[in-house]
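Okay, structure first, notes after.
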Amino acid sequence: MIVCVAVVGHQNNPLYIQSFTEADDALKLHHIVHCSLDVVDERVNNPKKSGPTLNETFLGLLYPTENYKVQYVFFSYGYLTNTKVKFILVTTDLDVRDADVRNFFRRFHAAYVDAVSNPFHVPGKKITSRTFAERVSTIVKSFGLSSAT
Amino acid sequence: MADPATTLLGKMLLDEITPVVMVLRTALVEESCRKNGVSLVQMLSPFCNFNNIDVPVRTASDQPYRLHKFKLRLFYESDIRQPNLEVAKEQLKQVIAQAGEQDLSELCSDPPQISNVVGRSESQILPSWFQFFNKELMHTVSFSDHEAFDHPVACLLVVSSKDEQPLNRFVDLFNSNKLPSLLNDGAMDPKLLKHYLLVHDNQDGSSEKAAKILTEMRSTFGPNDCQLLCINSSEDGQIEHQDNPWAPYKSDDSPSQHLGSFLNSDDLNEIKDVMQELSSKHTIPYMEQKIRMLNQQVSATRKGFRNQIKNLWWRKGKEETSDSLQGPMYTFSSIESQIRILGDYAFMLRDYELALSNYRLISTDYKLDKAWKRYAGVQEMMGLAYFMLDQSRKDAEYCMENAFSTYLKIGSSSQQNATRCGLWWVEMLKAGHQYKEAATVYFRICGEEPLHSAVMLEQASYCYLLSKPPMLHKYGFHLVLSGDRYKKCDQIKHAIRTYRSAVSVYKGTTWSHIKDHVHFHIGQWYAFLEMHDIAVAHMLEVLACSHQSKTTQELFLRDFLRVIQKTGKTFEVLKLQLPVVNISSLKVIFEDHRTYASPAAASVRESLWSSLEEDMTPSLSNARSNWLEVQSKLISKSYTESNICVAGEPVKVDIEFKNPLQIPISVSNITLICELSASSEEIKSDTNGSTTKRQSDDESKMVATTGEMSSGTSFFTLSEVDVSLGGGETILVQLTVTPKVEGTLKIVGVRWKLSDSVVGLYNFEPNLVKKKIAKGKRKGKSFPSNDLMFLVIKSLPKLEGFIHPLPERVYAGDLRHLVLELRNQSDFSVKNLKMKISNSRFLTVGNRDDLTKDFPAFLQKTNAEQSGADGNFSKMPQAMFSFPEDSSIQGETPLMWPLWLRAAVPGNISMYITIYYEIKDVSSIIKYRMLRMHYYVQVLPSLNVSFQISPCPSRLQHYLVRMDVENQTNSENFQIHQLSSVGQQWEISLLQPFDAIFPSPSLFAGQALSCFFMLKNCGKSTSSDKISSPLICSNVSLQGSADKLFDITSSPLADFHYCERLQHGVSQDDTSTVDFILISQPSKSDGSGISDPQHLFSHHACHCSTLSSSPITWLVDRPRAVHHNFNASFCEVNLRMTIYNSSYAAVFVRVNTFDSPSSSGQSSDATSLQSNVPSGNQTGWHEIPVLTDIKLTSQLPPNQLRKLPSLESVPPFIWSGSSATSLHLEPMSSAEIPMKVCVFSPGTYDLSNYALDWKLFPDNSREDEAETSQTSGTCPGYPFYLTVLQST
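For the record, the sequence lines run as chains A and B.
The end of the first sequence is residue 149 by our numbering, with every number in the run present.
The end of the second sequence is residue 11288 by our numbering, with every number in the run present.
Structure representation (structure tokens):
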């Protein structure tokens, strides 16, 4: 299950964070997303490490948060656009197919592009579009379905 | 990589993995040592660290090597056992708590900047107590039976010379059953190296007795193993040691005691010698020897191919029997233990190669035996050995990982071992600068125990910080995690320390949720520690948390206020976030020579006022020169640009406050912060701040004590506003400051009190001020810093004006009587009052005696007083109204002056009134002032009145007037009272009796009404003197009672009518247009239908033209019916056409007659009389006069009559006489044309087949109108009917 998706700007400022859990753990998810940025930064700043996957936007598994005390273990996946905007996906599923995540990010990216193409959107400001939020939640829901099958 | 021995881990290993010496002593020995404040072990321990020895060592190999550093660890026999876990935990807690206390002072300082932290080295970042804590943590697992390096290598037996039978005591000591369990249960070899030490206390006498005992000992235990130690040589016990070796043992109970005060330097040297001999001459050779022995043994049994096979086979066989988790029990004599001892001894003697090979050997055995704890222990040592050999880092890490995970696998019993292993592993990684990996290991170490995990997480966070590049996000996250755990263990100070560091990470980012969390908790914790100032500082950060949920906002605010309350004082916070001050809304309103009656007036554009006041104020150049002249005397040049305000008159500042939260907050005591420097007698331009009295400072002190402003002593008074802001609400607050003395006033900022507890300050940045009032006279250059600076001049008279009762909402046409009230509160009198009103269509000035009159009754015409036409026509619109000279305003008595309001047109109407007055006191800087008033009236549509005028077809100079009235209101009912036509030449009358027109007295909402009037042009007046002459009007009452007519010629109505006329422009022709005034009154709201006498509505329709498109009107005068004997002859009827030229130009008119009815387009069929209704604008309207005067003529020639039956195709009548008549008509004149028609048979005929062609002669004087209007045209004849009857 996807518990959180986030869009983080190129200055590591949060543009959009939405959690999909009932519990009141927004703070925790904020922390996890914030924490995942280190790994993203590392991969962004060391392109030679990623070598052949230079144009790869998908960053893969970033941070298996071994969350002692809490029943879930969170995994976060990252995705980096050409404008250095990062997408973070936090999930509790251990077995996530890479293809699913890639597909998710691709659709999420499209939704993001549409949202920031809005002439009333100020680049670098939080995304407040309701349409975007609805679309994201649809994508998140469909992610759960496709991985279940 | 550097030499492993110099790394932190290397030093740690050299320190920790060293031979243990068990110390057995008698009570008297201990007593002697206690004199110095230390125990025996404590006394000896500092001298067990040998940094300067040179001992040759030869282990398994033949090549000897030398040891330069060595260390022995001394323990009492009672301490050689596994520490109690609970006690150990308690001890660790103590360590942490103590560390927390130490850096309390640091907590008060500001948190470090993240940029500063990043570059620092490890030792600068890490708190020093981490080392100590880690060491303590490792000690919790010492003396385990699965590893041999904690097992005692030697035994030191100490007996005092005072003991009786010392030799027996030596034997007793070792044979007592107090020996540690390790020796007793067979985990280690009880045959130890024994060293006998006799302690002699020099205070007890000479050492002769001791020497005697020593010789006895030597003979009994062997000459080499016995030594004598003399202590307490100092007599007085006053020796103080430079860098006291026992400093670490200083107990907290008696800090003043000097440790080792009885030990002089001889004693110290003796101790040193004893210990050195113990290590280099006894322990090391003993270990060497043992290593060699064990090595041979191991080689014999285990080395070589045959032994290995045998070993494997043997272990396979053993497999079923040992299933316990601990694996089989190994006694000291088992070969496995022997190998382990061999490895550990080699390790302690720094022969890591040997140690490693043995560890390897034993490791597989333990693994096969499933002796996991021992296996893990060996793996751990292998890792360390690899590290010390500096060979394969990978292998070392692999071993450590293996050991760590194996320990963890065993379960909670080995948790401590895992921790120790992890700590070593971490150090190993750190030594290789693999900080990131080290952080992960720290993360894995932290187990169930929250306190330990807190420390580990904190260490992990520092690792993230130290890694290259620094991973700040994780640094922050782990600090927060750590802080949480510290908090759980009530280690508040540690929690604060971690969070403080975390703040530096999140500072300046937009991760507001995290930031709020961190700040809020720090604030809480500081408050818990009673450090309220810092607590408040942190709490302030989270106040404006509009992104948080409502409950969170409530929580934040509540906690904040609680903390504030606890402090018991009033905080002053610059730029308090709650509420938000909208600086762009800042608006300063001040009054210099321009004063304002209401805030609305102040917000009007300055240009509007100045255009209104243009001709009122004294001429600009004069005023300016006077102004400057006077000013330059009094005011230094630097003030000429600043604004001027008057002492005693408030300066108003409008500012918006916004509540960003969803919960309501209360804001009280909103005041301005001002500075007023009173002007002394001589102000130099550069010393303006010399007498500055910062009242704000004084005030802030007072707030804490009383909260009351003592305005008696201050130079100015401030207004206070209390507001309550709902969630997300924005409130505009007006604040005032009233200077009391002359000088320079500066508005610095605004202060407020949030929830009665915290004071917020906000300083206005001068250049941000949007100055509302642009001074027209000032130069274009603006001095932004001066926008909030005011020059206070001495008090002046100031008029206050009100208009009452001014309604907010009126219906169009409403005529109201208002009173302008002017007050002058000051002692100075004013003169030369003038007033100007922007919109005289809506508001006019009345006469003074209007005040006493009863409106609207006084407007009603009484029959006796017909001539009350005193309309003030000489007054020009927009003209200035000068109040009479004798009207003075001073003190309590106000000047009252009547005003008339008439809502002319629907809409939102702004009315600007400006009153000019001069100040009698000439010495003042300001000569005159203006009072500006602005009123705003919403006018709703009421009655829509329209008039249509058409010439009466039957009479010249008579017109039919159709009035359409529609009530456009929603609820109001009106009674039409009277209709008046204005002008001397017009007379209006009802066409029908009024009750036939008005079935109901009221015109209800939404109802429409049409009625008709006859308008007659008397032709009395000429247009030239119309303007100056009083209004002459003709009234018709629509209520049936002529005595209640209103006199529209009297003052307000006539004035407004005049304005209306002007508003609609002057028409081309006064004589051909007529003005109507409809007077109505609203019905009383109770629906009784009785008109409300308090209100009067007037609707004006101006310049209603009586003209149709042509300038001429005509009337054909003819008999209605003619009796004629057609048998005799045809009938000839004489007609007379009267043509009237109503234009101002001469007209050429030609009358054409047509014989064919079709040519005129009129039906001449006699039978079509009834259906032939006049078309066009006369719908439903024609006059059918009664047939009264039938004339009979018998002059028709008979020949024409005869033709009649035979001529069916020709019309039944023909025009006779001239077929076209031309004539020239002078302006405003009439002419008559005789016409004749011949009728051939009886019947009714429509004589409309004629037309009038007219042409204007352009007149020089009216050239402009001739261009716009039609100059020529054709009027078809209108139908009229002639009935010819056969006379008998």
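Positions of the beta carbon are idealized from the N, C-alpha and C atoms, including for glycine.
What is the DSSP secondary structure of residue i, counted as helix, strand or coil?
{"i": "Lys-10071/B", "result": "strand"}
{"i": "Glu-22/A", "result": "coil"}
{"i": "Lys-10367/B", "result": "helix"}
{"i": "Val-10087/B", "result": "helix"}
{"i": "Cys-10421/B", "result": "helix"}
{"i": "Pro-11212/B", "result": "coil"}
{"i": "Ser-10724/B", "result": "strand"}
{"i": "Arg-11150/B", "result": "strand"}
{"i": "Ala-10678/B", "result": "strand"}
{"i": "Gly-10749/B", "result": "strand"}
{"i": "Met-11235/B", "result": "strand"}
{"i": "Asp-10015/B", "result": "helix"}
{"i": "Asn-10450/B", "result": "The displayed chain sequence assigns Pro, not Asn, to residue 10450/B. Pro-10450/B: helix per DSSP, three-state reduction."}
{"i": "His-11124/B", "result": "strand"}
Ignore the nearest five residues each way along the sequence and tell me which others in residue i's own chain have a CB closer than 8 Å to its CB.
{"i": "Val-85/A", "result": "Val-7, Val-8, Gly-9, His-10, Leu-15 and Tyr-112"}
{"i": "Val-10733/B", "result": "Asp-10654, Ile-10655, Glu-10656, Phe-10657, Ile-10670, Val-10721 and Val-10723"}
{"i": "Phe-10974/B", "result": "Ser-10942, Leu-10943, Asn-10967, Ser-11002, Leu-11003, Ser-11080, Gln-11081, Pro-11082, Ser-11083 and Phe-11097"}
Closest to residue i by CA distance: which of the options is it?
{"i": "Thr-81/A", "options": "Arg-102/A, His-34/A, Phe-75/A and Asp-93/A", "result": "Arg-102/A"}
{"i": "Ala-10403/B", "options": "Lys-10367/B, Ala-10438/B and Gln-10391/B", "result": "Lys-10367/B"}
{"i": "Lys-9999/B", "options": "Pro-11111/B, Leu-11247/B, Leu-10557/B and Thr-11244/B", "result": "What is shown of chain B runs 10001 to 11288, which leaves residue 9999/B out entirely."}
{"i": "Asp-98/A", "options": "Phe-58/A, Thr-83/A, Lys-126/A and Phe-87/A", "result": "Phe-58/A"}
{"i": "Met-11153/B", "options": "Cys-11238/B, Ser-11229/B and Ser-10549/B", "result": "Here the sequence assigns Thr to residue 11153/B, which means Met is not the residue at that position. When only C-alpha atoms are compared, the closest one is Cys-11238/B."}
{"i": "Val-10792/B", "options": "Lys-10853/B, Cys-10674/B, Ser-10755/B and Ile-10410/B", "result": "Cys-10674/B"}
{"i": "Arg-10816/B", "options": "Phe-10715/B, Arg-10306/B and Pro-10805/B", "result": "Pro-10805/B"}
{"i": "Gln-18/A", "options": "Ile-127/A, Phe-143/A and Arg-106/A", "result": "Ile-127/A"}
{"i": "Arg-10025/B", "options": "Gln-10063/B, Pro-10004/B and Glu-10077/B", "result": "Glu-10077/B"}
{"i": "Asp-10062/B", "options": "Gln-10289/B, Asp-10145/B, Lys-10272/B and Glu-10101/B", "result": "Gln-10289/B"}
Kindly list the residues whose CB is nearer than 6 Å to the CB of residue i, restricted to its own chain and excluding five residues on each side of it in sequence; keep chain order.
{"i": "Thr-11221/B", "result": "Val-11151 and Ile-11233"}
{"i": "Ala-10431/B", "result": "Thr-10007 and Leu-10009"}
{"i": "Asp-10559/B", "result": "none"}
{"i": "His-10538/B", "result": "His-10519, Ile-10522 and Gly-10523"}
{"i": "Asp-11075/B", "result": "Val-10982 and Cys-11102"}
If the cut is a Cβ gap below 8 Å, which residues of chain E does residue i touch?
{"i": "Ile-10514/B", "result": "The displayed structure is made up of protein chains A and B, and chain E is not among them."}
Return the chain-ordered list of same chain residues with a C-beta closer than 7 Å to the C-beta of residue i, the five sequence neighbours on each side being excluded.
{"i": "Phe-10571/B", "result": "Val-10536, Ile-10564, Val-10758 and Val-10759"}
{"i": "Thr-10406/B", "result": "Trp-10372, Tyr-10375, Ala-10376 and Gln-10379"}
{"i": "Phe-10149/B", "result": "Ile-10017, Asp-10344, Phe-10347 and Met-10348"}
{"i": "Phe-143/A", "result": "Ile-2, Asp-100 and Phe-104"}
Tell me whether the beta-carbon of residue i lies closer than 8 Å to the beta-carbon of residue j.
{"i": "Ala-10647/B", "j": "Pro-10739/B", "result": "yes"}
{"i": "Leu-10268/B", "j": "Gln-10227/B", "result": "no"}
{"i": "Glu-10397/B", "j": "Met-10428/B", "result": "yes"}
{"i": "Arg-10809/B", "j": "Leu-10940/B", "result": "yes"}
{"i": "Pro-10476/B", "j": "Val-10505/B", "result": "Going by the sequence as given, residue 10476/B is Gly instead of Pro. Cβ atoms of Gly-10476/B and Val-10505/B: closer than 8 Å."}
{"i": "Val-10961/B", "j": "His-11099/B", "result": "no"}
{"i": "Leu-10979/B", "j": "Phe-11013/B", "result": "yes"}
{"i": "Leu-10481/B", "j": "Thr-10059/B", "result": "no"}
May I ask you to check if the CB of residue i is nearer than 7 Å to at least one heavy atom of the ligand NAP?
{"i": "Val-40/A", "result": "Because no ligand of any kind appears in the structure shown, any question about the ligand NAP cannot be addressed here."}
Which whole runs of the alpha helix (DSSP H) in the region 10155 to 10232 of chain B are 4 residues long or more, in chain order?
With a minimum length of 4 residues, the continuous alpha helix (DSSP H) runs that stay inside the region 10155 to 10232 of chain B are 10166 to 10175, 10181 to 10184 and 10208 to 10221.
Pick out the complete alpha helix (DSSP H) segments inside the region 10900 to 10974 of chain B, 4 residues or longer, and give them in chain order.
Counting only runs of 4 or more, we get nothing.
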